[in-house]
Amino acid sequence: MKRALIFIILYITYSCSTNPYKTSNKTYKKQTKAYAKVLAAHPLKDSVTNSPYFAGTTNFNLRKPNFVILHHTAQNSCEQTLATFTTVKSQVSAHYVICKDGTVYHMLNDYLRAWQAGVSKWGNATDINSLSIGIEIDNNGFEPFTDPQINSLLQLLDRLKKAYNIPTANFIGHADIAPGRKVDPNRYFPWQKLAENGFGFWYDTVGIQVPANFDAMQALRVIGYDIVKPDAAIQSFKLHFVQMDSTKAINDEDRKILLDLEKKYQ
Ligand SMILES: [Zn+2]
300 MKRALIFIIL
310 YITYSCSTNP
320 YKTSNKTYKK
330 QTKAYAKVLA
340 AHPLKDSVTN
350 SPYFAGTTNF
360 NLRKPNFVIL
370 HHTAQNSCEQ
380 TLATFTTVKS
390 QVSAHYVICK
400 DGTVYHMLND
410 YLRAWQAGVS
420 KWGNATDINS
430 LSIGIEIDNN
440 GFEPFTDPQI
450 NSLLQLLDRL
460 KKAYNIPTAN
470 FIGHADIAPG
480 RKVDPNRYFP
490 WQKLAENGFG
500 FWYDTVGIQV
510 PANFDAMQAL
520 RVIGYDIVKP
530 DAAIQSFKLH
540 FVQMDSTKAI
550 NDEDRKILLD
560 LEKKYQ
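491 is the number that my numbering gives to position 192 of the sequence shown; each next residue is one higher, with no gaps.
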């Protein structure tokens, strides 16, 4: 009996001192339980139409993500990012965080909505948080990504693409969907390597002839960019596809790239 008590005390002390996310995990459980209750309720009390008639259909499942949005954390460590995403006052989150050593933290069920995209647009899609999985990669914003990070990322993307049947074109960056507002992931992010593995497209400009009437801004729009602020759209495009060029001009090579990408992303 005495031994059991000592064991319990030791266990409580041990679990308190080793899991810094105990409190936020408890909050997570409480919130998911509350949502589960809303989903299970019938007649539908949360219905915006307030119809008094309910006839439950037998044919449905959960909505699933159709995009993956990639970010750099712009913070100094994984611990700092995990602390930010487990603090109510920050009001930001992601489904996954990938640390420099390749460790992948899962922070939210893929079916639930993280707060990672903010005000954003890609093609005609606007509420990107409702459509996407957000992946944050530990990086201060000015450094290359580590090999273990990219290896873990490729494995994770592979699982997500297969599980939710996410189209190749729909693996994009935060800067792509928020031109002028966001610049992540930074120019060291290996977009070409991702494309070679089936996540996004890359270009081949060999032998490409650009017609005289080619409209570069329309090509950006077809790819998905919001072109309301043309300079910002060009900057986001370059950060993704012409990474070592920080100018806002579109040269002949860029026009070839855009013509090729326009066909792949349309
Ligand atoms: Zn971001």
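Ideal placement from N, C-alpha and C gives every residue a C-beta, glycine not left out.
| Asked | Found |
| --- | --- |
| Proximity test, H473 beta-carbon vs ligand 1 heavy atom, cut-off 7 Å | yes |
| Whole alpha helix (DSSP H) elements within the segment 419-500, 4-residue minimum | 427-430, 446-463, 473-476, 490-495 |
| Three-state secondary structure assigned by DSSP to V387 | helix |
| Distance cut-off 7 Å: D457 Cβ against heavy atoms of ligand 1 | no |
| Distance, N365 Cα to S350 Cα | 30 Å |
| Spatial distance of T331 from S323 (CA atoms) | 12 Å |
| Whole-Å CB distance - K363 paired with Y463, under 8 Å assumed | 5 Å |
| Closest by C-alpha distance to G417, when choosing among H473, Q565, I397 | H473 |
| Segment contact flag, the segment 419-432 with the segment 369-376, C-beta cutoff 8 Å, min 3 pairs | no |
| Of the residues D446, M406, I465, D530, the one placed nearest T386, counting alpha carbons only | M406 |
| C-alpha gap between Q508 and W421, whole angstroms | 27 Å |
| 8 Å Cβ cutoff met for H370 and P443 | no |
| Endpoints, the beta strand (DSSP E) within which I397 is located | 395-397 |
| heavy atom of ligand 1 below 7 Å from K590 C-beta | What is shown of the chain runs 300 to 565, which leaves residue 590 out entirely. |
| I436 vs I476 beta-carbon contact at 8 Å | no |
| Option in Y410, P489, F540, A340 with minimal Cα separation from L361 | Y410 |
| Candidates N550, N496, T348, of which the one nearest R458 by Cα | N496 |
| Span separating the alpha-carbon of M543 from that of T383 | 31 Å |
| Which residues DSSP lists as bridging H341, in chain order | None; H341 has no bridge partner. |
| Bridge partner(s) assigned by DSSP for Y404 | V396 |
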